[in-house]
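Residues 1 to 82 in full-length UniProt numbering are what the sequence shown lists, from first letter to last.
Ideal Cβ positions, reconstructed from N, Cα and C, are used throughout, including at glycine.
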Amino acid sequence: AGIQSPVVDSLVDSLIYAETQEELTAACKALDRVLWYGYYVVPNWYLAYHRLTFSSRFKQPKQLPVYYNPYALLYTWWFAGE
1 AGIQSPVVDS
11 LVDSLIYAET
21 QEELTAACKA
31 LDRVLWYGYY
41 VVPNWYLAYH
51 RLTFSSRFKQ
61 PKQLPVYYNP
71 YALLYTWWFA
81 GE
């Protein structure tokens with residue numbers, strides 16, 4: 001897991017062992033440039049279901065369409081008033 005890149009490893013080492021403010025700034029800018037052009041995901045957690053809130057003021061169809069898409073559930077609801 002993690003970023004497996006010798007370039008990133010080298011730049012992190014440069015950050016850790018920088019002896020002057022100029023070296024630290026240059027290493028930070030270089031690392032920022034490298035990381036900015038990568039595509040990284042930090043997974044947080046996963047749920048196998050969707051959480052929804054409920055209110056009796058919202059209504060939904062009693063019968064769902066044949067080509068129902070669960071991700072579009074909220075598009076089928078409407079506000080029924082107080």
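{"Item": "Closest by C-alpha distance to F58, when choosing among L74, D32 and V41", "Value": "L74"}
{"Item": "N69 to P61 span [Cα, whole Å]", "Value": "14 Å"}
{"Item": "7 Å Cβ shell around V7 - same chain, five flanking residues per side excluded", "Value": "V34"}
{"Item": "Rounded C-alpha distance that separates residue 90 from Y67", "Value": "Since the first residue of the chain shown is 1 and the last is 82, residue 90 is not available in this structure."}
{"Item": "Which of helix, strand or coil DSSP assigns to K29", "Value": "helix"}
{"Item": "Anticipated Cβ contact below 8 Å, residue 83 with L15, distance rounded", "Value": "Residue coverage of the chain in this structure runs from 1 to 82, which leaves residue 83 outside it and unanswerable."}
{"Item": "Reference W36, options G81, Y46, E22 and I3, closest by Cα", "Value": "I3"}
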